[in-house]
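What follows is a short report on a single structure.
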Amino acid sequence: PPDLVAAGGRTVRALARPDLQAMIEGAASEGVELAPISIYRGPDEQALAFESGVWQAMAREGGRIDRAEAEARTARFVAPPGHSQHQLGTAVDFSSWEINYALQPRFEETVAGHWLEANAWQYGFVLSYSRHGEERSGYAFEPWHYRWVGRDLAAVMHREGYEDHPTLIADDFLRATEEILTYERIP
Numbered sequence: 059p060p061d062l063v064a065a066g067g068r069t070v071r072a073l074a075r076p077d078l079q080a081m082i083e084g085a086a087s088e089g090v091e092l093a094p095i096s097i098y099r100g101p102d103e104q105a106l107a108f109e110s111g112v113w114q115a116m117a118r119e120g121g122r123i124d125r126a127e128a129e130a131r132t133a134r135f136v137a138p139p140g141h142s143q144h145q146l147g148t149a150v151d152f153s154s155w156e157i158n159y160a161l162q163p164r165f166e167e168t169v170a171g172h173w174l175e176a177n178a179w180q181y182g183f184v185l186s187y188s189r190h191g192e193e194r195s196g197y198a199f200e201p202w203h204y205r206w207v208g209r210d211l212a213a214v215m216h217r218e219g220y221e222d223h224p225t226l227i228a229d230d231f232l233r234a235t236e237e238i239l240t241y242e243r244i245p
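Quick note: the sequence shown, position 160, residue 218 per this note's numbering, numbers continuous.
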């Protein structure tokens, strides 16, 4: 993206930075630390992350799986290059001191995880990969991975309860928005 800017030692799209900063400050005002661990990843960095995941999967299985199986397993947690929301510059992986700044499922049990779950939508961020969405999205539940969609759309998604919906995923709302804009011929 051409509008990448610095935000807390990371790079993010300019249109998302004000809401990201406001969210981090809002959490801090309540004594909650939100640490952005990863935001924008270029194609080379994403390729490296995916390749690392593939090799780790193969090593864990001690040679009992082939590369294709390792790629399939890795793709549930790390998107292949060209398919990652991080390459858009609007997705953020958060962590906190509570789990030593790691990205892991336990994040959902932290004060920071609870704060994001309750408040992220107010700042235009939504949980990308919900607990109920793995079958449709192809990605495992990631309580640390939030995507900026803007405050208006995030409010609609929150009101509709997409995070707990048995079939809706975040991408359904994004597709619907895109179809409406296309139909209305809005750039």
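Where is the CB? At the ideal position from N, CA and C, for every residue including glycine.
query	result
Residue closest to V136, alpha-carbon to alpha-carbon, out of F199, T240, A107	A107
Three CB pairs or more closer than 8 Å across the segment 142 to 155 and the segment 202 to 213	yes
Pairwise C-alpha distance: R209 and A228	14 Å
Whether R134 touches G196 by CB criterion (8 Å)	yes
Which listed residue (P59, F199, V150) has its alpha carbon closest to that of P3	Since the first residue of the chain shown is 59 and the last is 245, residue 3 is not available in this structure.
Supposed contact pair F231 and L211 - C-beta distance, whole angstroms, cut 8 Å	6 Å
Beta carbon of V150 nearer than 8 Å to that of V90	no
Contact belief for L92 with F152 at Cβ below 8 Å, rounded distance in angstroms	5 Å
Distance, A115 Cα to L161 Cα	17 Å
Nearest neighbour of E221, chosen from E175, I95, A198, A234 [CA to CA]	E175
Between the CA atoms of V207 and E242 - distance to the nearest angstrom	19 Å
Burial state of L239 (16 or more Cβ within 10 Å)	exposed
Exposure of S110, with buried meaning 16 or more beta-carbon neighbours within 10 Å	exposed
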